[in-house]
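Line by line, the protein sequences are chains H and E. Each step along the first sequence adds one to the number in numbering that gives the first Met the number 0, with nothing skipped, and position 56 is 55. Each step along the second sequence adds one to the number in numbering that gives the first Met the number 0, with nothing skipped, and position 75 is 74. We put the beta carbon where it would ideally sit given N, CA and C, even for glycine. Notes follow once the structure below has been shown.
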Amino acid sequence: MIQGMLGAFKELDATVDAIEALKKDRTGEITVYTPTPRHELEHAVHPAVSPVRKFTLAGGLFGACAGYWIAIWCSNYWPLVVGGKAISTWIPFTVFSFELMVLVGGLSTVAGLFICAGIPRLTMTVGYDGRFSHGDYGVWVQCAPEKLKDAEAILRRCGAVEVHGAQ
Amino acid sequence: MATMAHPDNDMPARPNIAKAGLQLPAVKDYEQVDREIMATLRPSKGWFLCLLVAIFCLIIGGLAWTYQIHEGLGVAGYNPPVMWGVYIVTFVFWIGIGHAGTLISAILYLFRAGFRTTIYRCAEAMTVFAVMTAGLFPILHLGRPWKFFWLIPYPNWRLIWPNFKSPLVWDVFAISTYLTISTTFLFIGLIPDVATLRDAEKNPIKKQILSALSFGWRNSEAEWRHFARAYLFLAAFSTPLVLSVHSIVSFDFAMSLVPGWHTTIFAPYFVAGAIFSGMGMVFTIIIPIRKLFKLQHYVTLNHLDAGAKLCLFTSMVVGCAYLVEFFIGWYGGSPVEQQYWWNRVFGQWWWAAWIMLTCNMILPLSLFSQSLRRNPSWLFFLSFFINIGMWFERFVIIVPGLSHEYEPWQWTSYTPTFVDYSILIGSFGWFFMWFLLFIRQLPVLAISEIKEIVPPKLKRAHPGADFHADTPGDHA
Chain H
0 MIQGMLGAFK ELDATVDAIE ALKKDRTGEI TVYTPTPRHE LEHAVHPAVS
50 PVRKFTLAGG LFGACAGYWI AIWCSNYWPL VVGGKAISTW IPFTVFSFEL
100 MVLVGGLSTV AGLFICAGIP RLTMTVGYDG RFSHGDYGVW VQCAPEKLKD
150 AEAILRRCGA VEVHGAQ
Chain E
0 MATMAHPDND MPARPNIAKA GLQLPAVKDY EQVDREIMAT LRPSKGWFLC
50 LLVAIFCLII GGLAWTYQIH EGLGVAGYNP PVMWGVYIVT FVFWIGIGHA
100 GTLISAILYL FRAGFRTTIY RCAEAMTVFA VMTAGLFPIL HLGRPWKFFW
150 LIPYPNWRLI WPNFKSPLVW DVFAISTYLT ISTTFLFIGL IPDVATLRDA
200 EKNPIKKQIL SALSFGWRNS EAEWRHFARA YLFLAAFSTP LVLSVHSIVS
250 FDFAMSLVPG WHTTIFAPYF VAGAIFSGMG MVFTIIIPIR KLFKLQHYVT
300 LNHLDAGAKL CLFTSMVVGC AYLVEFFIGW YGGSPVEQQY WWNRVFGQWW
350 WAAWIMLTCN MILPLSLFSQ SLRRNPSWLF FLSFFINIGM WFERFVIIVP
400 GLSHEYEPWQ WTSYTPTFVD YSILIGSFGW FFMWFLLFIR QLPVLAISEI
450 KEIVPPKLKR AHPGADFHAD TPGDHA
């Protein structure tokens, strides 16, 4: 059973027109493929702000705290006693904490990217075509069967060079 | 190759402004970008010859190391109290090169410097391989390298407990963090390009490998949105990380009491030196690449001009640091420091100090000339001197300090042996071998980011009328 309609576009403005028309018509859920990020497409899709920043913040805070904790715990458990000097001192431990903040923050940012973007992906998603990584734009609209004709008409009217359904 | 104008003859323009027509006037569409950059992945005689030379150099270094393991560290030129010599000089040299790559990539990304687009992939790859090279040197320093894990600071039954107040312990964590984040930064940036290679690949086995490496990336708008956000944060983390790591490397010296080392200027001095040496190495790499792969219309003279300005600026910062060091030596009033500085510039080590001053302070002043900034042959020639000068900078910091400390019994000399030189040559072989293998397997220029600055195809002839294509280059 056909799940939706895919339109391949050569031009950026035609793609934007198609997205706007499909949104206006409330045809279905739209996925846009583009060889490179473009603000025009982002404005047309108008998505929510990426939540990757939350992973970054959480990872960074955890790393900073863990950095202090490891340094203080190790220094107290295996103390290097030097007369007149405190065993745990926060100034040199800040260096260690900073490094761990960057390490854990950076890696959690990547984890956030993977989780939010849904990668690694073992199989290609329905509607994807290899040409979308080269020069063409793609608009995949997932919709109910009775809306397929409307979706096809909108995609063709906006200038899609190829339109077909996919399962 | 596509028909093109002659961007090399274009009038100097404002290279820091990210406008497609200005940056890459001879690149017309996305298909051209794919075709020309993917062409760099085909093997060529020049590439194979360079790889052979790199492997030959690596073999020289490997044989010297084997000899050193067999005979003991005495075959290196150490002469107590000069117990840090060519190995630590070369370690700091490669760390410096490594620090510049991510700094160039990350900081120029944050500042939206348009000339970054075509040089950053080279700079990032250079970073990873330079840090990998530097990472060999703590092991090369060891008489029994198979016990290298004793160097790792963790509490253990040998009663060697980590001292978190020591710059050497900070260094271990800082450099390993740096290597991890730099590699991640490079790899994340590569994912969309690997997906492009995957979609163009005909060989099923290669396609499977590229599919795995691209994590099933499919170029959806949502993926790009999360990617841009993650890339921005990684750049934001990488920039202070670079500053901290090279500052920590400088603390390895500055926190000791050795004359010439115990100074607060070391952190900014080392950071500026790292960017300077990194730009030198970027020129050494990118100029032959643009020539061999016929990429002159991607890495244009405007890009080289902007890079040369950065090089000139950091050269002047480094030069200023040299002069301030002399001033501190004189103004501090310590006779030991004053003697050290005299010995360094006019005494025992005058030749090394003047090589450093000539290569790092005097020759880069030529970049005030616009015609020389836009002359690839001169930049390539100059980059060699910058590399030599920056190696000698580390030599001049380390060896004269150790060879002329507080008491006369500590005044000695140091002469590197053939083992030291062979391992130095081997380190270059190791670095270039990895770099050459990289450029054969993965795009040396960032395909997806270059596409960002290429004007997209539009249906309407006059986009200004009712459709405006955004200014590229600001997709964070």
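Reduced DSSP secondary structure (H/G/I, E/B, other) of residue i
| i | result |
| --- | --- |
| E/SER476 | A question about residue 476 of chain E goes unanswered here, because the residues of chain E that appear run from 0 up to 475. |
| E/GLY332 | coil |
| H/PHE8 | strand |
| H/HIS163 | strand |
| E/TYR108 | helix |
| E/TRP408 | helix |
| H/GLY3 | strand |
| E/ASN78 | strand |
| H/VAL48 | coil |
| H/SER74 | helix |
| H/GLY137 | strand |
| H/TYR127 | coil |
| H/LEU121 | coil |
| E/GLY20 | In this prediction, E/GLY20 has a pLDDT of 42, which is less than 50 and means its spatial position is unreliable; nothing more can be read from the coordinates. |
| E/HIS261 | coil |
| H/ILE86 | coil |
| E/TRP83 | coil |
| E/SER255 | coil |
| E/SER447 | helix |
| E/TRP156 | coil |
| E/TYR413 | coil |
| E/TYR297 | coil |
| E/ASN359 | helix |
| E/LYS308 | helix |
| E/PRO161 | coil |
| H/VAL80 | coil |
Extent of the continuous alpha helix (DSSP H) to which residue i belongs
| i | result |
| --- | --- |
| H/HIS42 | 38-44 |
| E/THR132 | 119-139 |
| H/CYS115 | 89-116 |
| E/CYS49 | 44-70 |
| E/TRP349 | 349-356 |
| E/MET278 | 265-291 |
| E/GLY188 | 166-199 |
| E/GLY425 | 417-440 |
| E/ALA25 | Run containing E/ALA25: none; DSSP gives neither H nor E here. |
| E/GLN369 | 369-372 |
| E/LEU209 | 203-212 |
Limits of the beta strand (DSSP E) - the one that residue i falls within
| i | result |
| --- | --- |
| H/GLU145 | Where H/GLU145 is concerned, there is no enclosing beta strand (DSSP E), given that its DSSP letter is neither H nor E. |
| H/ILE29 | 28-32 |
Beta carbon of residue i nearer than 8 Å to that of residue j
| i | j | result |
| --- | --- | --- |
| E/PRO154 | E/TRP145 | no |
| E/SER104 | E/ALA133 | no |
| E/ARG343 | E/TRP46 | no |
| H/ALA165 | E/ALA221 | no |
| E/LEU102 | E/VAL241 | yes |
| E/MET355 | E/MET125 | no |
| E/PRO454 | E/ILE36 | no |
| E/ALA99 | E/MET278 | yes |
| E/PHE282 | H/ARG52 | no |
| E/PRO239 | E/GLY400 | no |
| E/ILE187 | H/VAL48 | no |
| E/TRP390 | E/PHE128 | no |
| E/ASP192 | E/SER370 | no |
Per DSSP, the bridge partner or partners of residue i
| i | result |
| --- | --- |
| E/GLY400 | Paired residue(s): none; E/GLY400 is not in a bridge. |
| E/SER219 | H/TYR32 |
C-alpha gap between residue i and residue j, whole angstroms
| i | j | result |
| --- | --- | --- |
| H/PRO34 | H/LYS148 | 27 Å |
| E/TRP83 | E/ILE247 | 18 Å |
| H/ASP24 | H/ALA152 | 11 Å |
| E/GLY20 | H/GLN141 | In this predicted model, E/GLY20 has a pLDDT of only 42, less than 50, meaning its place in the structure is not dependable; the value taken from the coordinates is given anyway. About 37 Å. |
| H/ALA17 | E/LEU196 | 28 Å |
| E/TYR177 | E/VAL244 | 7 Å |
| H/ALA85 | H/LEU102 | 27 Å |
| H/PRO78 | E/LYS44 | 59 Å |
| E/ASP28 | E/ASP198 | 18 Å |
| E/ALA307 | E/LEU378 | 8 Å |
| E/LEU322 | E/PHE367 | 20 Å |
| E/SER382 | H/ALA13 | 47 Å |
| E/TRP341 | E/THR411 | 15 Å |
| H/TYR127 | E/ILE204 | 20 Å |
beta-carbon residue i near the ligand PLP non-hydrogen atom, thresh 7 Å
| i | result |
| --- | --- |
| E/GLN369 | With respect to small molecules bound, the structure shown includes none, and the ligand PLP cannot be examined in it. |
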